[in-house]
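One structure is given here, and the rest of the page talks about it.
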Amino acid sequence: MNRILIIDDEDNFRESLSQRLKVRGYENITLNSGLNAMKVVRTNDDIDVVILDRMMPDMNGEQVLREIKKYRPEIQVIMLTGHGTHESAMEVGKLDAFKYLQKPCELEVLIEVIGNARKAKIRAMASHEIPNVKKGNIWTWMKGVHNSKPGIIILGFAIFASIMLLPAPQRLHELLGFEKTAQSTDINIGYSDYKNMEVGQNVAEYYGKKSKTEKTIINSDGTKSTIPLSVDESVDRARIMIGVLIVAALFWATGAMPIGITALLVGVIMYLGGILKPNDAASAFVKDSVIFVFGVLAFSKAITKTGLDRRIGLILLGSSKKIRLYLFLFLPLFSISCSFLSEHALVAFIMPVLLIVYLKSIERVGIQEDYKYAVMLFLALNFAANAGGPGSPAAGGRNAIMMGILSDYGMAPTFGQWVQYGLPFVPVMALVIGTYFYFACYRKSKVKGINLSSIVKDASKKIGPMTKSEYKTTAILVLLIILWVGFSDVLGMGGPVLIALVLANIFRIISFRDISKIQWEVVALYAAATALGKGLAITGAALFIADWFISVLPEALMSGAGLAMSVGVFTGIVTNFMSDGAAVSAIGPITVPMAKIAGAHPWMVGLITAFTSSFAYIFVIGTPNNAIVYTMAKNPNTGEQLVKLGDFLKHGIAVWILSMLVIFFWVILGYWQIIGF
Numbered sequence: 093m094n095r096i097l098i099i100d101d102e103d104n105f106r107e108s109l110s111q112r113l114k115v116r117g118y119e120n121i122t123l124n125s126g127l128n129a130m131k132v133v134r135t136n137d138d139i140d141v142v143i144l145d146r147m148m149p150d151m152n153g154e155q156v157l158r159e160i161k162k163y164r165p166e167i168q169v170i171m172l173t174g175h176g177t178h179e180s181a182m183e184v185g186k187l188d189a190f191k192y193l194q195k196p197c198e199l200e201v202l203i204e205v206i207g208n209a210r211k212a213k214i215r216a217m218a219s220h221e222i223p224n225v226k227k228g229n230i231w232t233w234m235k236g237v238h239n240s241k242p243g244i245i246i247l248g249f250a251i252f253a254s255i256m257l258l259p260a261p262q263r264l265h266e267l268l269g270f271e272k273t274a275q276s277t278d279i280n281i282g283y284s285d286y287k288n289m290e291v292g293q294n295v296a297e298y299y300g301k302k303s304k305t306e307k308t309i310i311n312s313d314g315t316k317s318t319i320p321l322s323v324d325e326s327v328d329r330a331r332i333m334i335g336v337l338i339v340a341a342l343f344w345a346t347g348a349m350p351i352g353i354t355a356l357l358v359g360v361i362m363y364l365g366g367i368l369k370p371n372d373a374a375s376a377f378v379k380d381s382v383i384f385v386f387g388v389l390a391f392s393k394a395i396t397k398t399g400l401d402r403r404i405g406l407i408l409l410g411s412s413k414k415i416r417l418y419l420f421l422f423l424p425l426f427s428i429s430c431s432f433l434s435e436h437a438l439v440a441f442i443m444p445v446l447l448i449v450y451l452k453s454i455e456r457v458g459i460q461e462d463y464k465y466a467v468m469l470f471l472a473l474n475f476a477a478n479a480g481g482p483g484s485p486a487a488g489g490r491n492a493i494m495m496g497i498l499s500d501y502g503m504a505p506t507f508g509q510w511v512q513y514g515l516p517f518v519p520v521m522a523l524v525i526g527t528y529f530y531f532a533c534y535r536k537s538k539v540k541g542i543n544l545s546s547i548v549k550d551a552s553k554k555i556g557p558m559t560k561s562e563y564k565t566t567a568i569l570v571l572l573i574i575l576w577v578g579f580s581d582v583l584g585m586g587g588p589v590l591i592a593l594v595l596a597n598i599f600r601i602i603s604f605r606d607i608s609k610i611q612w613e614v615v616a617l618y619a620a621a622t623a624l625g626k627g628l629a630i631t632g633a634a635l636f637i638a639d640w641f642i643s644v645l646p647e648a649l650m651s652g653a654g655l656a657m658s659v660g661v662f663t664g665i666v667t668n669f670m671s672d673g674a675a676v677s678a679i680g681p682i683t684v685p686m687a688k689i690a691g692a693h694p695w696m697v698g699l700i701t702a703f704t705s706s707f708a709y710i711f712v713i714g715t716p717n718n719a720i721v722y723t724m725a726k727n728p729n730t731g732e733q734l735v736k737l738g739d740f741l742k743h744g745i746a747v748w749i750l751s752m753l754v755i756f757f758w759v760i761l762g763y764w765q766i767i768g769f
């Protein structure tokens, strides 16, 4: 049982209260001074609640409270004193005391407050990201809690050690040691930089030269020369990347440690493993997509701060008077919009509004939380945005990558042709997603019959007419969208949002302090995902993974629709462990030539590769949409994470399977058979 700490310099009162609480089942520690309390609080991690006297000889209650919150912010403090004043109550309130009670206080009242304080401690731990570790046997310790699961951590490092200690697969040696002949029969034709390799050069030599990891030796005459990276050395680095991919995916999926710490672990292993030179390793973490994620999260602060998010939500959610309309009308329209506009930006604009909808909905029903309702609102939006990816070449960088790969073979589709093959998938998949969440979450939620549009309207009324800050933010937002749509080929996706942030600061809409409050661990997570993609591609690890998958395919699935289905499954799996763009970069160069060899139309295989790279539902690292939703799905009042990593895993797998079924039967075996190639 966790303990209560009683701090009071009146011996009789302190001991009497201690005995009365013990009779009620509350284990407690009694102290007569604030100085002793500091030592106990800092060295005991099983203190739940502190009952604190205000007037003591060495330190007054306010000073003790301030020190407790400094070292243990999750501990709830009840100020119990006979010397209370209005001013002291206000001061205690500023210091985040849980409750201010006059002494003497009825025991029943105090016990009720203690019970509420113990519940508040759990919420405070979540808010301050402190693992709620429970004591028990070795199994309890191994199982752990969210962000602290020793058993999973040990398992992850055991898997990594096994990959490094066991003999490397012979096929990995063959792929990295095969010399380029520029023939279609080259087994390493799927290497990400195959086009840039010289004839006669193998992947190991190219990787060592490209990454500057070749060995430098001093000759007998004092001159320096470089020795190419050997195949064995290259194989070891590829195995490191395969190992870190498995470990990172395991930790992110299970919440074994904080996602930001796992992201740092990826960097640590890449540095220690010598995958890239330090400067190149650092640059692998800072790609345009990472700047984009950071910028979107920061600019969403400006939108929320001015109240513009509520007005945007009123426009977009105006027709959603019922949850069914949200699931079966709004989501398809939203998904189609994501096919032509920045899906990440649209998600970032809608999420703050949905958070308001969630908080007001549970308030109207009179409950403190509705987990199923939150998951339905946020993940349905997230997955519908992902499903908009196949709609057009403008839907994401992964589509641009595939257009480039197909153009290398002189057969890239036009914008209109891509839309013809991809857009019919989008509304159908959005309806499937809406149906899934209706049965999986909404029917089990406590919130029923809520008018979403009325909530947004009520929220908009409270903030009054448009302010100057909102007009300025709107102008910057319009400029941002114009830059994304018209100049992303020059400025990328990150450049425009950095411009928007600078303008927002110049016009006094947002400060750097506001920007610093974003959830940086999500930025670190996505940076680690891009670094993983870079490391897997350049070492040849991605080539080995793709080659292994192709080798296990039955011969019946190596042509036509069967080949497209197989490629779709493989890409759909890989994109959840890397990132959508990295998956297409690694797999696209393999699947397109594979289609030519197998006699299938490259469009069929190439488009399916791009389409299924949108199905990054399972892990947060798959796409910026996931990172944005995970970051913003947090109760601002309690700090509770409303959508957890396990929700992505659970519902993501289900929606991934549904997406593959729609791709198989509605797309490949459906309207594609009518359109033809």
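Per the working numbering, the very first residue in the sequence shown carries number 93; after that it's consecutive.
Ideal Cβ positions, reconstructed from N, Cα and C, are used throughout, including at glycine.
By the Cβ neighbour-count rule, F531 is exposed, with fewer than 16 other Cβ atoms within 10 Å of its own. Judged by beta-carbon spacing, T701 lies within the 8 Å limit of V676, meaning their Cβ atoms are closer than that value. Using a Cβ-Cβ distance cut-off of 8 Å, the region 527-547 and the region 568-582 are not in contact, since fewer than three pairs of beta carbons, one from each stretch, lie closer than that value.
Counting only residues of its own chain and dropping the five nearest sequence neighbours on each side, L400 has a CB closer than 6 Å to the CB of E562, T565.
In this structure, DSSP gives T277 a state outside helix and strand, which the three-state scheme calls coil. I121 is bridged by DSSP to L97. Of the residues F662, G627, A656, G541, the one whose Cα lies closest to the Cα of W640 is F662.
Here L544 is near V449, since their CB atoms are less than 8 Å apart. Looking at the backbone, the Cα of I454 and that of A466 are separated by about 10 Å. In the three-state scheme derived from DSSP, where H, G and I count as helix and E and B as strand, K307 is classed as strand. In the structure shown, S317 falls within a strand segment according to DSSP collapsed to helix, strand and coil.
Out of M495, L590, K301, the CA that lies nearest to the CA of T631 is found in K301. Where D739 is concerned, the enclosing alpha helix (DSSP H) starts and stops at 737-754. Residue nearest to N729 within the set V291, L451, R106 is L451 (criterion: CA-CA distance). Between the region 500-518 and the region 472-484, the count of C-beta pairs closer than 8 Å reaches three or more; the two stretches touch. G768 counts as exposed, since fewer than 16 other beta carbons sit within 10 angstroms of its beta carbon. Assigned with DSSP and collapsed to three states, S240 falls in strand. Here N491 is buried: its Cβ has 16 or more other Cβ atoms, across all protein chains shown, within 10 Å. Taking a 10 Å sphere around the C-beta of G248, we find 16 or more other C-beta atoms and assign the residue as buried. Excluding residues up to 5 positions away in sequence, V327, A330, F636 lie with their Cβ nearer than 7 Å to the Cβ of L264 in the same chain. Per DSSP, the beta bridge partners of K191 are I170.
According to the DSSP secondary-structure assignment, I139 is paired through a beta bridge with R95. DSSP, reduced to helix, strand and coil, places K301 within a helical segment of the structure shown. L144 carries a strand assignment under DSSP once its states are collapsed to helix, strand and coil. For the alpha helix (DSSP H) assignment, the uninterrupted runs of no fewer than 4 residues enclosed by the region 367-392 are, from N- to C-terminal side, 370-377. By the C-beta density criterion, G126 is buried, having at least 16 other C-beta atoms within 10 angstroms. In the three-state reduction of the DSSP assignment, K272 falls in the coil class, being assigned neither a helical nor a strand state. Judged by pairs of C-beta atoms under 8 Å, the region 362-380 does not touch the region 251-265, as fewer than three such pairs exist. Taking the CA atoms as reference points, A477 sits about 46 Å from L157. Remark: C-beta atoms of A619 and L628 do not approach each other more closely than 8 Å. Counted as a single uninterrupted DSSP element, the alpha helix (DSSP H) harbouring E154 occupies residues 153-163. In the three-state DSSP reduction, Q733 falls in the strand class (E or B).
The beta carbon of G541 sits closer than 8 Å to the beta carbons of K414 from its chain, once the five residues preceding and following it are set aside; these are given in chain order. Its Cα nearest to that of Q509, the residue L699 stands out among A746, V548, L699, F190. Of all C-beta pairs linking the region 304-314 to the region 198-210, fewer than three are shorter than 8 Å, placing the two stretches out of contact.
For N136, the number of other beta carbons within 10 angstroms of its own is below 16, and it is reported as exposed.
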